[in-house]
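The block underneath contains the structure these notes are about, expressed in structure tokens.
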């Protein structure tokens, strides 16, 4: 179970930046995006820790958030930020719930009301679920690297999203996601680094 | 023609002319308000006004179904685009960004006047510090992308606060950028007509242009499968006008043709046929004119009742014509039958008076129409017809049919025992079923077809506009005072919602705060130098770039000087529609309505909100109100029906001077009423007030039969003639009323089926129960 958990990945909703993936291993002739997606789809549950840094043009210093991620196939993703302030974000099917226990706040959004946020969360969720169909509905995809060290690049297909995000890079190894980097149009970016949960 | 005859004819024609003049100036109404109480509570009055010309009455709900989601979405967009170009519609919403963008724009530009958070304290350095810390937190969430764009202008999050304020309000689902039902099978649009709800011609035109736009739109995909669904008050009014018009015309026409054919066969004279229709025609004209004079307008359903008069009024001429024995004059015949005829008419009038007394204008109109119509019809029969009837006229069919009818009637008493058994069974059945006899719903009174009601409920659920049950209504002299009153009520509601008495509420002041509140907010906005100083202090130690919030300072400064908002500023947004539906002009001032969500304890809430200090606020429970309305309705009608029956009994007692004869006359009527009600309930009909009225009519019509059966006759021939004329009269009545049973309009249908069954039963039961007393007399003579 630990191994499985470690193998999984989770992801973030927010912004982010991150580590890039090295793309050195020569791709095996048989390995490609379809195989990657199939591998990812096999993961049914995963738990991991994350550290996310946001570099925003309006700020002098990056913001740093950290906490845990839990993914349950096929549609549920939880992001529990612990630092600097506890806050949780739960994506379940088409609703996104933000909860701040300290302030006793709870807000639920329907993704269809916020197309940009929707496109954004799908970049992560559809990747985790290996759901190529949904992914290509929002993004053009390209894959570099090999099975042990891959980098999936997503560029928005819709003009509205294009005006905000220029690229999302997801790096990983086999069926784990290690980094999610989001590059926004106005020079903002965020990088999330995901590590296996040892607990 | 004698001098007195000339006077009679002259008076009659003058009366008809007067009626025609009155009618030509009469407004025909078909809205539903005639079936709402005429002396409602102030709260009910608001509802009635809203039904007549409020924004709600102008809404047309549109659904498109059949086919794939993308094709439906495209059809929705194309239909909306076409309708937006038309003058007939004030707004057309289908969830597309266009409307939302305008709403957002309005909220953004006016956020410092609209936001409830604005106070001097809100811009202190401590409050700004807390806001900025929140912003940093939010920048870590997925909302960051949207937030970044507005943060320099709106670090205190007023836009978000305003959007959130409206977010609790139900909204339809959205797919492919337009509104859809939850299951994704129907694309949804909401159009608001420019014309008021009661302007039915304009509403009809608006509905037609929607249908045209839909069928003309070049749609994608399998358009043949796409179906347009329409609902809303306008559609109901237009449809019920159309179906009342069609049904009233169609059934009147069919009834007239059938009755005329029957009578022509009997009379064998065109002239007499036409004469036979004179009492009815005169009665109908008089009825409409009387209603017009008494109520100022005539409801379509009242007109529809003209057809019922054919059944009842034609009888009088039939009684006269078919009972003229060979070689006697109409006058002599009238001398014989007039006392009975007069008593019959008086009995009917007692029956109809029950409706006249109703506090519901629609029912009262029906009562007045029938009474005026019957009086004129019987007067024309009594005074006009004898003058115009060809001399020596007699109906041969009467003589031909008399022996056969007499034989049947003589044998009828044998059925007495079975009849008593049937009545006992029916009575027992009704007693067993008494809990489930009545339809419990005010909707059973509405002239709207059930299928239309279902579709409306469905579309409303889809669109997320379920019928609100609880409302706070506040009234004031003018618009701004009404908004102030709404703000006071809202403050109270806010406290009550924290105590858990309700989940939330909506208020027109959310969309347009009162001038006082706007002014106070404007005054609370800081001067630019003060705001900059507070910001600088608040920003210390936070990673925001220097000067980042300069746009914020600029916007606050501009807001401090901007003109205050009024209704016109909302024009073109969907918020205007909301405002107009919640803030309405009334004959004596303005009313603001605050729909409540999730009311946990209505009684406690009502007590809190209706304190003397806030005398102008009233908690309105629509469900309770409409149940109340319905119970009042039923109680009233039952009450007056019993009163009517009592007066009929008294009238009979005075006229017949024999308790025994009163019993003889009333027994078959009571039996007919019980068995008719039994049959209706047995066939699965939930009785409504209109069935009760139908039963009243059964008594009115049936009493004529019973009285004629009961009448002392001079000879056997006379009696046979009488009975044959009753059969003819009965057949015409059954044709007139029975046809209404085929109508889709609930009121016509209910009365038609009840009277159709009841009239036959009255005649048959009279034959069975009354002839026995006179059987020997018939044989003897």
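Chains as they are written, first to last, in the numbering used here: chain Z, 1 to 199; chain U, 1001 to 1781. Beta carbons: idealized from backbone N, C-alpha and C, even for Gly.
Secondary structure of residue i, DSSP reduced to three states
i	result
residue 1501 of chain U	coil
residue 65 of chain Z	strand
residue 55 of chain Z	strand
residue 93 of chain Z	coil
residue 150 of chain Z	strand
residue 112 of chain Z	helix
residue 105 of chain Z	strand
residue 1020 of chain U	helix
residue 1528 of chain U	helix
residue 1182 of chain U	coil
residue 141 of chain Z	strand
residue 134 of chain Z	helix
residue 1355 of chain U	helix
residue 187 of chain Z	coil
residue 1118 of chain U	coil
residue 1742 of chain U	coil
residue 1325 of chain U	coil
residue 1564 of chain U	coil
Residue from the options whose Cα sits closest to the Cα of residue i
i	options	result
residue 1369 of chain U	U/1290, U/1108, U/1653	U/1290
residue 1716 of chain U	U/1403, U/1429, U/1328	U/1403
residue 1435 of chain U	U/1687, U/1256, U/1260	U/1687
residue 973 of chain U	U/1180, U/1141, U/1140, U/1108	Residue coverage of chain U in this structure runs from 1001 to 1781, which leaves residue 973 of chain U outside it and unanswerable.
residue 178 of chain Z	Z/124, Z/110, Z/139, Z/134	Z/124
residue 136 of chain Z	Z/154, Z/86, Z/148, Z/59	Z/154
residue 182 of chain Z	Z/171, Z/175, Z/176	Z/171
residue 1101 of chain U	Z/107, Z/58, Z/130, Z/113	Z/113
residue 1622 of chain U	U/1639, U/1607, U/1593, U/1250	U/1593
residue 84 of chain Z	Z/59, Z/52, Z/190	Z/52
residue 1367 of chain U	U/1158, U/1576, U/1637	U/1637
residue 1326 of chain U	U/1296, U/1579, U/1397	U/1397
Residue i - partner residues in DSSP beta bridges
i	result
residue 45 of chain Z	Z/72
residue 179 of chain Z	Z/171, Z/193
residue 80 of chain Z	Z/68, Z/88
residue 1586 of chain U	U/1589
residue 1065 of chain U	U/1186, U/1227
residue 213 of chain Z	Only positions 1 to 199 of chain Z appear in the structure, and residue 213 of chain Z is not among them; the question remains open.
C-alpha distance - residue i paired with residue j, whole-angstrom precision
i	j	result
residue 167 of chain Z	residue 1495 of chain U	48 Å
residue 1007 of chain U	residue 1015 of chain U	12 Å
residue 1110 of chain U	residue 1567 of chain U	13 Å
residue 1282 of chain U	residue 1762 of chain U	27 Å
residue 1077 of chain U	residue 1186 of chain U	13 Å
residue 1090 of chain U	residue 1080 of chain U	12 Å
residue 969 of chain U	residue 1341 of chain U	For residue 969 of chain U there is no data in the structure shown, the boundaries of chain U being 1001 and 1781.
residue 1349 of chain U	residue 1739 of chain U	23 Å
residue 184 of chain Z	residue 1068 of chain U	35 Å
residue 1413 of chain U	residue 1765 of chain U	9 Å
residue 1011 of chain U	residue 1757 of chain U	38 Å
residue 73 of chain Z	residue 1155 of chain U	37 Å
residue 11 of chain Z	residue 82 of chain Z	Since pLDDT at residue 11 of chain Z reaches only 33, below the 50 mark, its modelled position is unreliable, and no value is offered.
residue 1751 of chain U	residue 1693 of chain U	7 Å
residue 1632 of chain U	residue 1699 of chain U	23 Å
residue 1197 of chain U	residue 1057 of chain U	5 Å
residue 1490 of chain U	residue 108 of chain Z	24 Å
residue 97 of chain Z	residue 39 of chain Z	28 Å
residue 1556 of chain U	residue 1550 of chain U	10 Å
residue 1271 of chain U	residue 1328 of chain U	19 Å
residue 196 of chain Z	residue 1136 of chain U	27 Å
Any non-hydrogen atom of the ligand FMN closer than 7 Å to residue i Cβ
i	result
residue 1324 of chain U	As presented, the structure is devoid of all ligands, the ligand FMN included, so that no description of it is given.
Whole-Å CB distance - residue i paired with residue j, under 8 Å assumed
i	j	result
residue 1238 of chain U	residue 1277 of chain U	In fact, because the Cβ distance is near 32 Å, the residues do not count as touching under 8 Å.
residue 79 of chain Z	residue 89 of chain Z	4 Å
residue 121 of chain Z	residue 152 of chain Z	Going by Cβ atoms, the distance from residue 121 of chain Z to residue 152 of chain Z rounds to 16 Å, so no, they are not a contact pair.
residue 1473 of chain U	residue 1591 of chain U	6 Å
residue 1504 of chain U	residue 1598 of chain U	7 Å
residue 1804 of chain U	residue 1023 of chain U	Because chain U in this structure spans residues 1001 to 1781, residue 1804 of chain U falls outside the shown range and cannot be described.
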